[in-house]
Structures are given as C-alpha cells and as structure tokens.
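Start counting the sequence shown at 384; every next residue gets the next number (this note's numbering).
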Amino acid sequence: MSDVPEGAAAPAQPAPATAVLPQPAAVTVPGSGLGGWAEQPRSPYRTMPEAERSALWRQRLHEAEAGLTRYLVSRGDGIHLTDWFALQSAIFADLPAEETAGAAEWQRVFFRGQALMERFLVGRYGEPALADWARSNAEVHREVEPDHGRGAADPIHRIARQAELYGSDYEFDDEAPPNAERAALTITHCAIWDYREQARRSGVRLTLASPCTYCTEALSSNIRAKGFRPEHRLRSGPTGHGCRWEASAPTESDSRQEA
384 MSDVPEGAAA
394 PAQPAPATAV
404 LPQPAAVTVP
414 GSGLGGWAEQ
424 PRSPYRTMPE
434 AERSALWRQR
444 LHEAEAGLTR
454 YLVSRGDGIH
464 LTDWFALQSA
474 IFADLPAEET
484 AGAAEWQRVF
494 FRGQALMERF
504 LVGRYGEPAL
514 ADWARSNAEV
524 HREVEPDHGR
534 GAADPIHRIA
544 RQAELYGSDY
554 EFDDEAPPNA
564 ERAALTITHC
574 AIWDYREQAR
584 RSGVRLTLAS
594 PCTYCTEALS
604 SNIRAKGFRP
614 EHRLRSGPTG
624 HGCRWEASAP
634 TESDSRQEA
C-alpha cells in the first residue's frame, strides 16, 4: 500500500470503503459476548472517524520516516548528511495543523513523504533496499502500534484499517473469523492500483513496477514484528487487483528455525 508517484498529487479522499456484501456477516472481537467475544460487521472500519483516519496517516508517516532513519544508521556507510537533512525537510514541509486538519491533508503528506523516501532509497541503494527498509519500519511499528489483546487478529485489523484509508474493498473470512490464533483478510479490490494507473495515464513516472513490491514486504514485516507468522497471496480478477493475508501464531517448528 505504498509506491506513490513522486511529485503526484494525493488522490481525492474517497468515501468510506464499500463493504463487499450489503448485509455484512459478523466477525468476532474481544468484548462482552459469548465466551468474552462480541460480534461486529465484517468491514468494521467503514465508519472510522475522521480523527482516527488522520491519526493513522500520521502514525504511518512516523513509522516510515523513523524506520528510514533507523535503516540508514544501521548501514554505517557514511550517508551524506546534508542530503538526508534535505529529504527530512521535504518530507515534513507544509505540515497541516493537527487540531484542525482533516484526513485528506494528512493523506497528502503521507503520499508525498512515501514517494520521496522511496526515490531516495532506490536511487542510492537500488530496489532491494526497500525490503530492508520495510523490516526497519516494522521495528518501529512493533513499538508504536498498540496491542489490543486480540492476538493474530491485531495485525490483520491493522491491515483492514489501512485498506479503509485507501477506499479499498476488503472482507474478513466467513468460515474462520479473526481470532487469537489465526486471522485472515482478503482485499478484493486494491484502490492503490486505481491511483497508480490514473497517474500512469497522466504521464507520471512510477518508482516501482507494482505497488506490491514494497507493500508485501511491509505488511509481512509488520506481522512478524508482532510475533505472528505472515502468509499472503496476490490475486487479480473481475474485481481488480487484490491480495489475501493471514497471520497465525508461530508453530514449534517456527521457533526451532528462529533458534
């Protein structure tokens, strides 16, 4: 969910993402229902408040910029500090007022910053550096993303919230709702592809051939950083580009491999 064309204007803020089904099935989250779990719609973030949307855009920008700082320090190869300071200045130029700005303004800031950081990394270290950056961002994500006590459902709900920001269509599993041991989400239509193709037709040079190049690394790293095993599968069809994500509790074999 990245790879925004450098220099491109942010897309218009979409209406709240559409649910895949007009009468959504239920997913379970911690609450006061049977067994301590309560029901909620399968696309529970359709009515995400404006303030929450803005806060998530700001958090994502913080994860990306702090992760890039962490990555550059870890390289230890004497990056030219003047270039780095200039990049930071461009990332944080024209910041809107937190108290009054809407989500669309913070969306614009995030898109610009993401594009600048991608160009900076790819231009100096090549496309493979994006995977290293994603893992560094995930270390920041581990600290700043709250744990809500839902186990494997936590990182999947974060993916759902990000999908909501873009206006993508998504759905939780019907047969196995998100729970502490395993959670899954399918993005049936990724709205980032719509924006990219619109930019491409307008003559904007894109940094990456596919937004999935960075996105799959970033989401996988975030899931691992929270202590779960990620799995994903890209998909395309009548509803457009999309992907399916799973997070599951690590197995004994996973623990042995890490040891």
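Positions of the beta carbon are idealized from the N, C-alpha and C atoms, including for glycine.
{"Check": "Of the listed residues Ser619, Val492 and Asp466, nearest to Asp477 (C-alpha basis)", "Outcome": "Val492"}
{"Check": "Residues bridged to His445 (per DSSP)", "Outcome": "Answer is none; His445 lacks a bridge partner."}
{"Check": "Among Ala498, Gln490 and Ala480, the one whose alpha carbon lies nearest that of Trp440", "Outcome": "Gln490"}
{"Check": "In chain order, each alpha helix (DSSP H) run of at least 4 residues that lies wholly inside the stretch 574-610", "Outcome": "574-584 and 595-608"}
{"Check": "The beta strand (DSSP E) enclosing Leu617, as first and last residue numbers", "Outcome": "Arg612 to Gly620"}
{"Check": "Local conformation of Ala630 per DSSP, three classes", "Outcome": "strand"}
{"Check": "Gln651, buried or exposed, once every other Cβ within 10 Å from all chains shown has been counted against 16", "Outcome": "Only positions 384 to 642 of the chain appear in the structure, and residue 651 is not among them; the question remains open."}
{"Check": "Neighbourhood of Arg443 by C-beta distance below 7 Å, restricted to the same chain and skipping five residues each side", "Outcome": "Phe493"}
{"Check": "In DSSP terms, what His552 is bridged to", "Outcome": "Note on identity: in this sequence residue 552 is Asp, with His being the wrong assignment. Partner(s): His572."}
{"Check": "Residues bridged to Gly625 [DSSP beta-bridge criterion]", "Outcome": "Arg618"}
{"Check": "Residues that DSSP places opposite Ala567 in a beta bridge", "Outcome": "Glu629"}
{"Check": "DSSP three-state assignment for Ala512, whether helix, strand or coil", "Outcome": "helix"}
{"Check": "Straight-line gap, Ala567 to Ala487 (C-alpha atoms, nearest Å)", "Outcome": "28 Å"}
{"Check": "C-alpha gap between Glu422 and Leu504, whole angstroms", "Outcome": "With a pLDDT of 42 at Glu422, under the threshold of 50, the modelled position of that residue is not reliable, and the figure given next carries that caveat. Looking at the two C-alpha atoms, the distance is approximately 43 Å."}
{"Check": "First and last residue of the uninterrupted alpha helix (DSSP H) at Thr465", "Outcome": "Leu464 to Ile474"}
{"Check": "Cα-Cα separation between Glu629 and Pro529, rounded to whole angstroms", "Outcome": "19 Å"}
{"Check": "Arg584: CB within 7 Å of a non-hydrogen atom of the ligand HEM", "Outcome": "The ligand HEM is not part of this structure, which contains no ligands at all."}
{"Check": "As assigned by DSSP and simplified to three states, the class of Ala434", "Outcome": "helix"}
{"Check": "Nearest candidate by alpha-carbon position, reference Ile606, set Asp556, Glu564, Asp460 and Gly506", "Outcome": "Glu564"}
{"Check": "Given 8 Å, three or more beta-carbon pairs between the stretch 530-537 and the stretch 551-562", "Outcome": "yes"}
{"Check": "Glu522 in three-state terms, based on DSSP", "Outcome": "helix"}
{"Check": "Helix, strand or coil at Thr452 according to DSSP, with G and I counted as helix", "Outcome": "helix"}
{"Check": "Neighbour-count burial assignment, Val527, 16 or more Cβ in a 10 Å radius", "Outcome": "exposed"}
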